[in-house]
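> The sequence shown runs 0 to 207 under numbering that gives the first Met the number 0.
The beta carbon of each residue, even a glycine, is placed where N, CA and C say it ideally should be.
Here the structure is a predicted model, which is why all the values come from computation and not from measurement.
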Amino acid sequence: MRFFFLIILLAGLALGVGYPWAVRNVSGYEIGTFPVFGQAGGFVPAEVALAPSEAPVSVTVEMQTSAPFTTGEGVEVLRIIATTDNRTVLTTPVSFENAESRSASPQGGMVYRADVATIDPVDGDENYVFTVEQGDIEDLPLEGVVLILNAGAFELDPRAVPIGYILILVGVVGFVAMFRRRRIINRKAEAEKPKWGRGAEKGTDKEE
0 MRFFFLIILL
10 AGLALGVGYP
20 WAVRNVSGYE
30 IGTFPVFGQA
40 GGFVPAEVAL
50 APSEAPVSVT
60 VEMQTSAPFT
70 TGEGVEVLRI
80 IATTDNRTVL
90 TTPVSFENAE
100 SRSASPQGGM
110 VYRADVATID
120 PVDGDENYVF
130 TVEQGDIEDL
140 PLEGVVLILN
150 AGAFELDPRA
160 VPIGYILILV
170 GVVGFVAMFR
180 RRRIINRKAE
190 AEKPKWGRGA
200 EKGTDKEE
């Protein structure tokens with residue numbers, strides 16, 4: 000049974016930890032990084048030439064703020080729109096809910112990173128134009144926004160990570176239960192052994 004729970008635990012770690020890491024760090028290659036907002040020029044579109052062979056193309060946004068901020072569930076911080084050949088192929092809000100964050104400066108600046116969407120298939124006849132707009136937060140301390148495109152990246156299945164966490168929990172609970180069960184069995188075995196008298200001598204003879 001311990002081996003069974005070990006397999007469950009390893010499967011949970013693979014789905015909940017290894018799979019998201021592989022999606023972000025192993026799959027595909029970076030097409031480029033494109034500034035789409037600066038304090039001097041405001042929001043500017045990014046025009047990118049994409050080839051069909053680069054599909055699927057993952058779209059990631061990094062936002063830098065002058066101070067940390069928090070956002071509620073479903074709040075639209077930014078909106079990203081992608082068009083090609085006068086067709087809209089992507090329009091999606093970016094909430095940065097549970098997004099990765101890191102310090103940008105000792106003065107308190109922060110960088111937030113969010114995986115937005117995947118474009119697949121890719122039509123290489125015309126360039127793609129990516130436009131980023133500000134969302135519902137008016138007093139957002141925005142300093143910069145960068146668009147990151149990666150080619151050949153496979154999309155993260157949102158069902159995989161919760162399933163992985165459940166398997167991790169089941170594996171850990173199973174290990175703890177098996178450990179406690181083994182301790183109880185050992186205690187009962189010790190309690191049933193005769194401590195003195197003829198039974199103890201027989202037990203000693205048997206052990207010898």
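Using 10 angstroms around the beta-carbon of TYR28, count the other beta-carbons present and answer buried if the total reaches 16, otherwise exposed.
TYR28 should be labelled exposed.
> Quick check on GLY31: buried or exposed, where buried means 16 or more other Cβ atoms within 10 Å of its Cβ?
Result: exposed.
> Consult DSSP for ARG1 and reduce its assignment to one of helix, strand or coil.
Three-state result, ARG1: helix.
> Taking DSSP as the reference, what is the three-state secondary structure of GLU29?
In this structure, GLU29 counts as strand in the three-state DSSP scheme.
> Excluding sequence positions up to five away, which residues of its chain have a Cβ less than 8 Å from the Cβ of GLU206?
Legend: pLDDT at GLU206 = 43, less than 50; position of this residue unreliable, no value from coordinates given.
> Measuring CA to CA, which of GLN38, ALA103, LEU9, ALA54 is closest to ASN149?
Taking only the C-alpha atoms, the option nearest ASN149 is ALA54.
> Determine the closest residue to GLU72 out of ASP156, PRO140, ILE136, with distance taken between C-alpha atoms.
Nearest of ASP156, PRO140, ILE136 to GLU72, Cα basis: ILE136.
> Could you give the DSSP three-state label for LEU139: helix, strand or coil?
If DSSP states are grouped into helix, strand and coil, LEU139 belongs with coil.
> Could you check the C-alpha separation between GLU132 and ILE79 for me, to the nearest Å?
Computed Cα separation, rounded: 6 Å.
> Mind the definition here: the stretch 8 to 19 touches the stretch 159 to 172 only if three or more C-beta pairs lie below 8 Å; say whether that holds.
Taking 8 Å as the limit for Cβ pairs, the verdict is that the stretch 159 to 172 does touch the stretch 8 to 19.
> Residue range of the beta strand (DSSP E) that GLN106 falls in?
GLN106 -> no beta strand (DSSP E), and no H or E assigned at all.
> According to DSSP, is PRO34 helix, strand or coil?
Here PRO34 sits in strand by DSSP.
> Determine contact between the stretch 60 to 74 and the stretch 166 to 183, defined as no fewer than three beta-carbon pairs at a distance below 8 Å.
No: the two stretches stay apart, fewer than three of their Cβ pairs being nearer than 8 Å.
> Start and end of the beta strand (DSSP E) containing PHE68?
First-last for PHE68: undefined, no H or E at that position.
> Hey, which unbroken runs of the beta strand (DSSP E) at 3 residues or more fall wholly within the stretch 77 to 123?
As far as the stretch 77 to 123 is concerned, its whole beta strand (DSSP E) runs of at least 3 residues are 77 to 83, 86 to 93, 99 to 102, 109 to 118.
> When DSSP builds the beta bridges, which residues end up paired with VAL131?
According to DSSP, which records beta bridges pairwise, VAL131 is partnered with ILE79.
> Per DSSP, THR146 forms a beta bridge with which residues?
Inspection of the sequence shows that residue 146 is occupied by Leu rather than by Thr. According to DSSP, LEU146 bridges with PHE33, VAL60.
> What are the start and end residues of the beta strand (DSSP E) that includes VAL47?
Start and end: 45 to 47.
> Thinking just about the alpha-carbon of each residue, which of THR83, PRO92, LEU146, SER102 is nearest to the one in ASP124?
The shortest C-alpha separation from ASP124 is found at THR83.
> So VAL60 and ALA21 are supposed to be a Cβ contact under 8 Å. How far apart are they, rounded?
That pair is no contact at about 21 Å.
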